[in-house]
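J.:
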């Protein structure tokens, strides 16, 4: 009996020592050596935060008190870079006489996440195109992947309005669909509907069981698909009523519709949750821009409809089909809102979705352009700005 | 050797069992603490869990953008929030000819030292104007601890949904401590970002790993060696935000030492001119104007002779130092309000010049009004609105 206890005690201690050593090795690796990809997949929220604080310029994203995260100022990797203000691209010099400053606001499709070099993203291509046409402009790429119209508006109000900007171009809406509209149930009273029904801030970020504080256990669970990477929790911070993660999990496991989606299909959730926040945010963006003598330009969102195969988040053919079937009408609805807002406030609206070629060769996936696509997008937007007289003999539409 | 290993094993096991028992005991102790002590000793995760489990029981609720908001439907004693999280009664439908006024601001608008919601200045303003024959509904949208950042964002995301006609802004104090005590600062103004003062989740989790242990955290917080996680969570200061250090030195009576031997708080404030405050208030005013909401700015007042400085109890000398810094900061914020009102041509009410600011009965501390003070404030603001024809009698 005593021998058994002794063996048990020694094995327990050996196991604990082994586990602690393994934990220390993994922690040291994550803390000092892991690259960004590994970090975003396996690091805990605290480890991510520590890395952000220590190597600001080495992490592409930094936490932010109001937008959750933002682009790290001074970040450089290969041919990508952010300037000292955290915009993708080169440093901004003083504004020159007669120069027009255009700021492109939006999501990953403005940052042009799939385009490695900052110079090939659509805002940089737009600057080149307009300058070649003899219009003296500086184009700022203020797009941030994962941002919705909430973060775009916050960033505009708190940061961008401090710059001498003349024109703002907004291209977005996709993230609003997946991050803020797949919410069920919602209160009937529209005034009661608050963003807290979709995102829960720190609650959503720290919503993981205590054993995930262990790096070893966390890595095993993430690798086995049994838990979410903490970086995803940090970016999405979903509320319990936000059904987007569940939708994606079901698509990945090929068991959609099950669970809540047997009760209510995702299309109906989107219909119930009409884009009231998106409309309000766009209206506030437009009103604030106009009151600061900045000309707002809205651009409709383009989906790659060239083939049925184009993937985004999910890649299995049936999952892609369902995803597209859900997303297409929702994107049309968001574009409808942009059209309404542009009419209401008499501001320019470019229906890019109508003008952009249906050509799979211009896309990297369902929504993101490749370099060729970004050139095409820049050209169409540039022509629109010239043809409508927004630039080139620049006229401020607010005057 | 064999004996030594056995001895070591037994002691390791005893230590682990002992520590585990203390840890379980500490967690049980935290679980049964009242709201105030819980916020002091609980970990960030424990606070979040409790806020989640007892949504209606806490005055504040976590918010993904502004950090926290007043809890909708909160009730305690004579205080209450409506379903939208505004302090006071339900709003109901807007009646014909009714003017909706929203009071935005900090704890001096929420009137956190006044227990009864009906005695806070916005509710008294509604009563006063209605008695004068002006048909109004006044919404109290003040929130303790908020700066002009949260106020602007709240206006954009929540208040602008309501059919509001007039917005009254009264604030600036929280901007001083929470956003302007940053050192060193970037020389380029445009490179200065709120991230240098507050860091969101990064600031909330800025504690060493051993503070995950409830037993160790309680001891460290009790002896002033660690900062309560509740404070980290709500204030999420950056390491460069020196307000915390300033307060610790005043409390310990060691001011000026460390960084404050090199640079004074006044110099830090002058290096950090209120550029964000000016930007936020301008944007609030412009956005309100573009939505046909009339903005009114009200200058901030303080009671110089008050014994209490709002936040902390210090030694009398330290108290004077702290008050002097606050007063200098408030005067500067009031100048900004004046500049914005001139530049954008909107009404500015110079409340401190007409309010009996040295009357001790009208204040609970240096800036928070008593019920009587809130009444006087409401009457003076009401008269200003009537005399300047911002509202008119039926």
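Protein chains in written order, with the numbering used here: chain G, 1 to 399; chain H, 1001 to 1394. Backbone N, C-alpha and C define an ideal beta-carbon position, used for all residues, glycine too.
1. Looking at the unbroken beta strand (DSSP E) that takes in residue 1328 of chain H, where does it start and where does it end?
2. Count the other C-beta atoms from every protein chain shown that fall within 10 angstroms of the C-beta of residue 1223 of chain H, then say buried if there are 16 or more, exposed otherwise.
3. Under the three-state reduction of DSSP, which class applies to residue 18 of chain G: helix, strand or coil?
4. For a cutoff of 8 Å on Cβ pairs, would you count residue 1427 of chain H as touching chain G?
5. Give the secondary structure of residue 79 of chain G by DSSP, where H, G and I count as helix, E and B as strand, and everything else as coil.
6. Return the Cβ separation of residue 1341 of chain H and residue 1212 of chain H in integer angstroms, given the expectation that the two are a contact with Cβ distance under 8 Å.
7. Here's the rule I'm using: 16 or more other beta-carbon atoms within 10 Å means buried, otherwise exposed. How should residue 262 of chain G be labelled?
8. Taking residue 75 of chain G as the reference, which of G/299, G/88 and G/273 has the closest Cα?
9. How should residue 399 of chain G be labelled, buried or exposed, when 16 other C-beta atoms within 10 angstroms of its C-beta is the threshold for buried?
10. Using a 10 Å radius around the Cβ and a threshold of 16 neighbouring Cβ atoms, would you call residue 1391 of chain H buried or exposed?
11. What's the call for residue 1005 of chain H, buried or exposed, on a 16-neighbour Cβ count within 10 Å?
12. Quick one: is residue 1137 of chain H buried, meaning 16 or more other Cβ sit within 10 Å of its Cβ, or exposed?
13. In or out: residue 1354 of chain H buried (at least 16 other Cβ within 10 Å) or exposed?
14. Given that residue 49 of chain G touches chain H, what residues does it touch there, using C-beta distances under 8 Å?
15. For a test of the three-state rule: what should DSSP assign to residue 399 of chain G, helix, strand or coil?
16. I want to verify the contact list: residues of chain G whose CB lies under 7 Å from the CB of residue 1266 of chain H, in sequence order.
17. Can you list, in chain order, the residues of its chain with a C-beta nearer than 6 Å to that of residue 384 of chain G? Leave out the 5 residues immediately preceding and following it.
18. Just reading off the alpha helix (DSSP H) that residue 1103 of chain H is part of, what are its end residues?
19. Curious, which full-length alpha helix (DSSP H) runs of at least 4 residues does the stretch 79–167 of chain G contain?
20. Would residue 1179 of chain H count as contacting chain G if we go by Cβ distances under 8 Å?
21. Can you tell me the Cα-Cα spacing of residue 311 of chain G and residue 323 of chain G, whole angstroms?
22. Taking 8 Å as the threshold (C-beta atoms), are residue 1306 of chain H and residue 1365 of chain H in contact?
23. Compile a chain-ordered list of the residues in the stretch 360–376 of chain G whose CB is closer than 7 Å to at least one CB of chain H.
24. Pull up the distance between the alpha-carbon of residue 284 of chain G and that of residue 102 of chain G, whole angstroms please.
25. Just verifying my parser: in three-state terms, what is the DSSP assignment at residue 1057 of chain H?
26. Answer with buried or exposed for residue 1260 of chain H, where buried requires no fewer than 16 other C-beta atoms within 10 angstroms of its C-beta.
27. Give me the Cα-Cα distance between residue 1177 of chain H and residue 1329 of chain H, rounded to the nearest whole angstrom.
28. Measuring alpha carbon to alpha carbon, tell me which residue in G/291, G/235, G/248 and G/159 is nearest residue 49 of chain G.
29. Indicate whether at least one CB of chain G lies closer than 8 Å to the CB of residue 1064 of chain H.
30. Between which two residues does the alpha helix (DSSP H) containing residue 49 of chain G stretch?
31. Give me the subset of the stretch 1140–1157 of chain H whose CB atoms are less than 7 Å from a CB atom of chain G, sorted by chain position.
32. Give the C-beta separation of residue 222 of chain G and residue 47 of chain G to the nearest angstrom, bearing in mind that I take them to be a contact with Cβ-Cβ under 8 Å.
33. Using a Cβ cut-off of 8 Å (strictly closer), state whether residue 1046 of chain H contacts chain G.
34. Can you tell me the Cα-Cα spacing of residue 163 of chain G and residue 77 of chain G, whole angstroms?
35. Please classify residue 1158 of chain H as buried or exposed, where buried requires at least 16 other C-beta atoms within 10 Å of its C-beta.
T.: Reading off the structure:
1. No beta strand (DSSP E) contains residue 1328 of chain H, which is instead part of the alpha helix (DSSP H) from 1316–1344.
2. exposed
3. helix
4. There is no way to answer for residue 1427 of chain H, as the model of chain H reaches only from 1001 to 1394.
5. coil
6. Going by Cβ atoms, the distance from residue 1341 of chain H to residue 1212 of chain H rounds to 49 Å, so no, they are not a contact pair.
7. exposed
8. G/88
9. Annotation note: pLDDT 48 at residue 399 of chain G (below 50); position unreliable, no value reported.
10. buried
11. exposed
12. buried
13. exposed
14. 1201, 1202, 1205 and 1206
15. Bear in mind that a pLDDT of 48 at residue 399 of chain G, under 50, signals an unreliable position, so the model cannot answer this.
16. What residue 1266 of chain H touches in chain G: nothing, since even the nearest Cβ is about 25 Å away.
17. 350
18. No alpha helix (DSSP H) contains residue 1103 of chain H, which is instead part of the beta strand (DSSP E) from 1099–1105.
19. 108–111, 122–132 and 149–158
20. no
21. 9 Å
22. yes
23. none
24. 19 Å
25. helix
26. buried
27. 9 Å
28. G/235
29. yes
30. 45–54
31. 1149, 1152, 1153, 1156 and 1157
32. At roughly 13 Å, the Cβ-Cβ gap does not stay under 8 Å, so residue 222 of chain G and residue 47 of chain G are not in contact.
33. no
34. 26 Å
35. buried
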